[in-house]
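Those protein sequences? They're chains Y and H, same order as listed.
Counting in my numbering, the first sequence runs from 488 upward without gaps.
Counting in my numbering, the second sequence runs from 488 upward without gaps.
Glycine is no exception: its CB is placed at the ideal position from the N, C-alpha and C atoms.
Being a predicted model, the structure only gives us computed values, none of them experimental.
What follows is a single structure, written as structure tokens, with notes after it.
2 protein chains.
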Amino acid sequence: MEKILVFDTTLRDGEQSPGATMTTAEKVRVAQELDALGVDIIEAGFPVSSPQEFDSVVQVAKSVERPIVAGLARATKQDVDKAAEALKHAAHPRIHTFLATSDLHLERKLKINRDEALRRIEKAVSGARAQIEDVEFSCEDATRSDLDFLIRAVQVAVDAGASTINLPDTVGYAHPADIERMLQAVRAEVNGIDKVVLSVHCHDDLGLAVANSLTGIENGARQVECTVNGIGERAGNASLEEIVMALRVLPRYYDRFMTSIVAERLCPVSEMLAHVTGMKPQANKAIVGANAFAHEAGIHQDGLLKDRRTYEIMTPEMVGARGSRLVLGKHSGRHALARRYSELGYDLSSAELDRAYDLFILLADRKKVVHDEDLLAIYFEGTMEDAPRAFKLEYLEVRCGRSPSDAVVRVSHNGGPVKEATATGDGPIDATFSAIGELAPWEMRLEEFTIQAAGGGKDAVGEVHLSVRVGGNEFAGRAASTDIVDAAARALLNALDKADHARGLEARAFARMDLWAV
Amino acid sequence: MEKILVFDTTLRDGEQSPGATMTTAEKVRVAQELDALGVDIIEAGFPVSSPQEFDSVVQVAKSVERPIVAGLARATKQDVDKAAEALKHAAHPRIHTFLATSDLHLERKLKINRDEALRRIEKAVSGARAQIEDVEFSCEDATRSDLDFLIRAVQVAVDAGASTINLPDTVGYAHPADIERMLQAVRAEVNGIDKVVLSVHCHDDLGLAVANSLTGIENGARQVECTVNGIGERAGNASLEEIVMALRVLPRYYDRFMTSIVAERLCPVSEMLAHVTGMKPQANKAIVGANAFAHEAGIHQDGLLKDRRTYEIMTPEMVGARGSRLVLGKHSGRHALARRYSELGYDLSSAELDRAYDLFILLADRKKVVHDEDLLAIYFEGTMEDAPRAFKLEYLEVRCGRSPSDAVVRVSHNGGPVKEATATGDGPIDATFSAIGELAPWEMRLEEFTIQAAGGGKDAVGEVHLSVRVGGNEFAGRAASTDIVDAAARALLNALDKADHARGLEARAFARMDLWAV
């Protein structure tokens, strides 16, 4: 059996999805899940792009032991050095450097000629190799590159010491036949190509990312770059769970390949990412969508009862999908709670369990039955915080239903005096935010706002995700409650906590440079 | 150029998505959009499955002129006759009959042998042909069928007069190579196959539905079955917009093919379907997702400014994607409103415009600027209703933020006396629903509940979708408002209106039989 390396770029290319920005603490938590999932390489970020991004890579590198941790770098000395520095504490560091090889990118974006491109590739790869043994080189926009030049570029990278060569379909433009032709040519023409790992990295602009990735594997790629839930730039990257399960469910094509992925962790990691980013996969998303294993039609249900195989090529259990079950009530103890979390895939530390139990008791007091979704909402809220809680919601009362709504809010700041504000607004959330705005020490502007119900019922826990602009910076906030108005108020304060924390640090550290690519 | 027929099954297989159930009025409205989109065949439903479903097919058949309207039927006389009857008013009717051809389905589900299957196919197809000229036959689970038997089954259907032969990948199990092998064999072995249209119908359980559909076209299929947004059983069907745009964006493979799809209508129809079903495509869904054309990374943005082609293989304009723009305010007139709706792709009737304008003025009074999303929410709410408004919300006042919330609700029923109820609950929506529950004439249970913000800001219009079980039946409700508590209350009353209406009709007509398949 040949092993297919799974290179997860959820924290780098995935985080480039508008709305998917993660804090360092969130990235560390997701990295730990990716470790448990069994991915081979975690791309942690793009160290040079900002001090905050640099720090994220450092923290991720420190927090996992088994997987390789990669840092992205353009083909410049500054980028490569910064990546090497960020990866200092990684048990298995990799520098991932890249340069575009298509004429369109060389001429129009980089404004350099092909020879200059080759020189930069040689310098970047050998410079990286001088610092770290494991070096990956990506030919950005490979699928639109002139094939002869692509081969020359790959040859230079291999000769300079790259151990992995990645050929990305940067703009999601490839047909499987393009991937086949490209890989066959590179394998036939590049000297020493059999000593490096070939990799593909596909985007889903035409819905072909998974098919292209599988075609890559069929044609010699031994690494696939992908993301959980398929998040990423534009239409996203190839979805990790779909590639892994296609390899597993289609043994007639892929029985000579294996991955190290623990398939039962696919749904838990998908769910965690959705909580962290507020981006839920659509119900009919393959493998991890809420309906992926739901059979609605009577004929299907009838067939399933007679023989599950009639309409099921894999079972929900294989990928760790769970139905919604009511499990716990107010008389459930700490031990039962810990066990249920463990069954859901989360082994809580003693401190985490203390916190979760307090919230659970509060919730169980208000709801008759507590669902798995509620437990996850409890767990995710309040973990993974970067900033200490500076603002405290002392009191909230909102009247709504009629127009306008009005809100009374009392907030304290760092244990100081409680201040009160009242405001009217269009709906309860508008009124509440206007009142909080009166009390906030800075001007702020709401940029994004989403509500999700964790379960299905009217007393389900609602999760609010939002982002607020303060000065030039944007801060994300998140909170969960059975009362969505309360959740909204606390999500806003959560964002303000981060703004408060940032003010205490060097402001420049929080200006995101946003230079990520590939 | 060869034409690829687009067979849209959003109203049949798509509606089998849990949560995507549509009323007759909604189906008619979606069918009109599909007509404007340019699809060749609209599969309107499965007439025998329930009187309500029968009526939907009748109404859709009456409401469109250009496209073929198909009705699904198992391979039985009863099903076929019912489909023919439902299609009586269609300008271009098609009976779509099917039988499973895989041994697994024959033995375990249908419990018949292969000879009996062939007999049933012959009878169903010739019986359909006796009534309607245009007959499609589908070999359910074709991709898992024994190839020799599949060929025999197709031969029988062709000989019996089927003009379209569809080979579905019912369980989403096929690799493109399977599709290629199957189509090549059927084309080589079946006599008269060149006189019928071959069709593929792919499911996305492994993320391969689009690749499989394209492989089908490359191997002789001249019809693709697909759905808007890729909704459908489990992981859904092949996505219409992805297939159509792949054919268009990859001329190096597909320049000899064309479809009749008006690509600029892809995003509007996607948006309408999301409003109708409450199932929004995830942000990174190809073509129609909110981020499909969003470029987050600095390098990408930099490249785009220099030359859009560096990171863009198609433009948002090509598929009718619009950025969020603020367009209208309280001083905008009726004419400006009508023009903006027209620009968004909706030409409102005079009555629709009257209604929309009243709501617009109300909204413009409460919000400084009215966004396109708000206009769409206004338009979608209240159109496409099957039931007259029986319940009227006379007064609503809710206090929340603290635990518990309390609500005062006054409701009148069919112009009768106003009744008031008060209730407490866990959060404002729980309290409101409990109070309405006190006033409702029947026991009800909330089954589903989702909130979506139409725009991004805190005063965006929120849309609530829910479903309620009353007796044995489930009723969907929907409403939009800047006050989400108000929207929730009105969505619940909308569902109760439908329950009230159903009570007045024969109860049996509303018991869904749910027999759909393929």
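Can you name the residues that DSSP bridges to R529 (chain Y)?
Here residue 529 (chain Y) refers to the residue found at position 42 when the first sequence is read from its first residue. The displayed chain sequence assigns Ile, not Arg, to residue 529 (chain Y). Note: I529 (chain Y) sits in a beta bridge opposite Y:D495, Y:V556.
Only counting the same chain, and skipping five residues up and downstream in sequence, which positions put a Cβ closer than 8 Å to that of L593 (chain H)?
Counted from its first residue, the second sequence places residue 593 (chain H) at position 106. A587, I599, N600, R601, A604, listed in sequence order.
Among H:L835, H:I608, H:I666, nearest to T630 (chain H) - alpha-carbon criterion:
Here residue 630 (chain H) corresponds to residue number 143 of the second sequence, with the count starting at 1. Nearest option by C-alpha distance: H:I666.
Return the CA-CA distance between A518 (chain H) and L760 (chain H), expressed in angstroms with no decimal places.
What you label residue 518 (chain H) is simply residue 31 of the second sequence in a count that begins at 1. What you label residue 760 (chain H) is simply residue 273 of the second sequence in a count that begins at 1. Approximately 10 Å between the Cα atoms of the pair.
Secondary structure of M509 (chain Y), DSSP reduced to three states
Here residue 509 (chain Y) refers to the residue found at position 22 of the first sequence. The three-state secondary structure of M509 (chain Y), taken from DSSP, is coil.
Note down, one range per segment and in chain order, each alpha helix (DSSP H) of at least 4 residues found wholly within the stretch 659-704 of chain H.
Note on the stretch 659-704 of chain H: whole alpha helix (DSSP H) runs with a minimum of 4 residues are 663-676, in chain order.
For D917 (chain Y), I'd like the list of residues in its chain whose CB is within less than 8 Å of its CB, leaving aside the five on either flank, ordered along the chain.
For the purposes of this step, residue 917 (chain Y) is identified with residue 430 of the first sequence, where counting begins at 1. These residues qualify, in order along the chain: S892.
DSSP three-state label for L727 (chain H), please.
For the purposes of this step, residue 727 (chain H) is taken as the residue at position 240 of the second sequence. L727 (chain H): helix per DSSP, three-state reduction.
Measure from the alpha carbon of I704 (chain Y) to the alpha carbon of each residue in Y:I730, Y:G694, Y:G723, Y:I718, then state which is nearest.
As a working note, residue 704 (chain Y) is residue 217 in the first sequence. Distance from the Cα of I704 (chain Y) is smallest, within the candidate group Y:I730, Y:G694, Y:G723, Y:I718, for Y:I730.
Does L926 (chain H) come out as helix, strand or coil in the three-state DSSP assignment?
In the second sequence, the residue the question calls residue 926 (chain H) occupies position 439. Of the three classes helix, strand and coil, the one that applies to L926 (chain H) here is helix, per DSSP.
Cβ shell of V957 (chain H) (< 6 Å), same chain only, five flanking positions each side left out:
Working through the second sequence from its first residue, we reach residue 957 (chain H) at position 470. Within the same chain, V957 (chain H) has close Cβ partners W929, M931, A986.
Just to confirm, are A864 (chain Y) and V948 (chain Y) a CB contact at a threshold of 8 Å?
As a first step, residue 864 (chain Y) must be located in the first sequence, where it is residue number 377. As a first step, residue 948 (chain Y) must be located in the first sequence, where it is residue number 461. With contacts defined by Cβ atoms closer than 8 Å, A864 (chain Y) and V948 (chain Y) form a contacting pair.
Quick check: is any heavy atom of the ligand MN less than 7 Å from the C-beta of E860 (chain H)?
The ligand MN is not part of this structure, which contains no ligands at all.
Neighbour list for L1006 (chain H) in chain Y, Cβ cutoff strictly below 9 Å:
Missing from the structure shown is residue 1006 (chain H); chain H here goes from 488 to 1005 and no further.
With three or more beta-carbon pairs closer than 8 Å as the criterion, would you say the stretch 709-728 of chain Y touches the stretch 491-509 of chain Y?
Flag = yes, the stretch 709-728 of chain Y and the stretch 491-509 of chain Y touch.
Closest to K514 (chain H) by C-alpha separation, out of H:L492, H:M488, H:E489, H:V556, would be which residue?
Residue numbering aside, residue 514 (chain H) sits at position 27 when the second sequence is read from its first letter. Nearest C-alpha to K514 (chain H): H:V556.
Could you tell me which residues DSSP puts in a beta bridge with A733 (chain H)?
Looking up residue 733 (chain H) in the second sequence gives position 246. Note: A733 (chain H) sits in no beta bridge, so no partner.
Enclosing beta strand (DSSP E) for I638 (chain H) [first to last residue]
The residue labelled residue 638 (chain H) in the question sits at position 151 within the second sequence. Unbroken run through I638 (chain H) is the alpha helix (DSSP H), 634-646; no beta strand (DSSP E).
Give the DSSP bridge partners of H900 (chain Y), in chain order.
The sequence position of residue 900 (chain Y) within the first sequence is 413, counting from 1. Under DSSP, H900 (chain Y) takes part in a beta bridge, and its partners are Y:F878.
Could you pull out every residue in the same chain whose Cβ sits closer than 6 Å to the Cβ of V544 (chain H), ignoring the five residues on either side in sequence?
Position 57 of the second sequence, counting from 1, holds the residue named residue 544 (chain H). Within the same chain, Cβ atoms closer than 6 Å to the Cβ of V544 (chain H) are found at A531, G532, P534, G558, A573, the five residues on either side in sequence being excluded.
Using Cβ-Cβ distances below 7 Å, what residues of the stretch 490-510 of chain H are close to chain Y?
For the stretch 490-510 of chain H, residues whose beta-carbon sits nearer than 7 Å to a beta-carbon of chain Y comprise Q503, S504, P505, G506.
Under 8 Å by Cβ, that's how I've got N778 (chain Y) and P505 (chain H) pegged, so tell me the actual separation to the nearest angstrom.
Mapped onto the first sequence, residue 778 (chain Y) falls at position 291. Mapped onto the second sequence, residue 505 (chain H) falls at position 18. Right, the Cβ-Cβ distance comes to about 5 Å (below 8 Å), so this counts as a contact.
Interface flag, E884 (chain Y) vs chain H, CB-CB below 8 Å
Here residue 884 (chain Y) refers to the residue found at position 397 of the first sequence. The C-beta of E884 (chain Y) comes closer than 8 Å to at least one C-beta of chain H.
What number of angstroms, rounded off, separates the C-alpha of R450 (chain H) from the C-alpha of L753 (chain H)?
This structure cannot settle anything about residue 450 (chain H), because the visible part of chain H is limited to 488 through 1005.
Look at R709 (chain H) and V684 (chain H) and say whether their C-beta atoms are less than 8 Å apart.
Here residue 709 (chain H) is taken as the residue at index 222 of the second sequence, counted from 1. Here residue 684 (chain H) is taken as the residue at index 197 of the second sequence, counted from 1. Yes, these two residues count as a Cβ contact at 8 Å.
Would a check of beta-carbon distances place Y740 (chain H) closer than 8 Å to chain Y?
The residue labelled residue 740 (chain H) in the question sits at position 253 within the second sequence. Taking Cβ atoms only, chain Y reaches closer than 8 Å to Y740 (chain H), which makes this a yes.
Give me the subset of the stretch 764-783 of chain Y whose CB atoms are less than 9 Å from a CB atom of chain H, sorted by chain position.
The stretch 764-783 of chain Y vs chain H, Cβ under 9 Å: M766, K767, P768, Q769, A770, N771, K772, A773, I774, G776, A777, N778, A779, F780, A781, H782, E783.
Of the residues that make up the stretch 710-738 of chain H, which ones have a beta carbon closer than 7 Å to any beta carbon in chain Y?
Listed in sequence order: G717, I718, G719, E720, R721, A722, G723, S726, E729, M732, A733, V736, L737.
Work out the CA separation of L850 (chain H) and H822 (chain H) for me, nearest whole Å.
Residue 822 (chain H) sits at position 335 when you count from the first residue of the second sequence. Residue 850 (chain H) sits at position 363 when you count from the first residue of the second sequence. CA-CA distance, H822 (chain H) to L850 (chain H), rounds to 17 Å.
Cβ of S892 (chain H) less than 8 Å from any chain Y Cβ?
Here the question's residue 892 (chain H) lines up with position 405 in the second sequence. Judged by the 8 Å Cβ criterion, S892 (chain H) is in contact with chain Y.
Strand pairing of L655 (chain Y), partner residues [DSSP]
Locating residue 655 (chain Y) in the first sequence gives position 168, counting from the first residue. The residue asked about is misnamed: residue 655 (chain Y) is Pro in this sequence, not Leu. Note: P655 (chain Y) sits in a beta bridge opposite Y:H688.
S954 (chain H) to G790 (chain Y), Cα distance in whole Å?
Sequence index remark: in the second sequence, residue 954 (chain H) carries index 467 (1-based). Sequence index remark: in the first sequence, residue 790 (chain Y) carries index 303 (1-based). Approximately 27 Å between the Cα atoms of the pair.
Please tell me whether V687 (chain H) has its Cβ less than 8 Å away from any Cβ of chain Y.
Position 200 of the second sequence holds residue 687 (chain H). It does not: the Cβ of V687 (chain H) has no partner Cβ on chain Y nearer than 8 Å.
I need the DSSP call for N716 (chain Y), collapsed to helix, strand or coil.
Taking the first sequence and counting its residues from 1, the one referred to as residue 716 (chain Y) is at position 229. Here DSSP, grouped into helix, strand and coil, assigns N716 (chain Y) to helix.
Should the stretch 618-632 of chain Y be called in touch with the stretch 822-834 of chain H, which here means at least 3 C-beta pairs below 8 Å?
No: the two stretches stay apart, fewer than three of their Cβ pairs being nearer than 8 Å.
Quick one: is A1025 (chain H) near chain Y, going by C-beta distance under 8 Å?
Missing from the structure shown is residue 1025 (chain H); chain H here goes from 488 to 1005 and no further.
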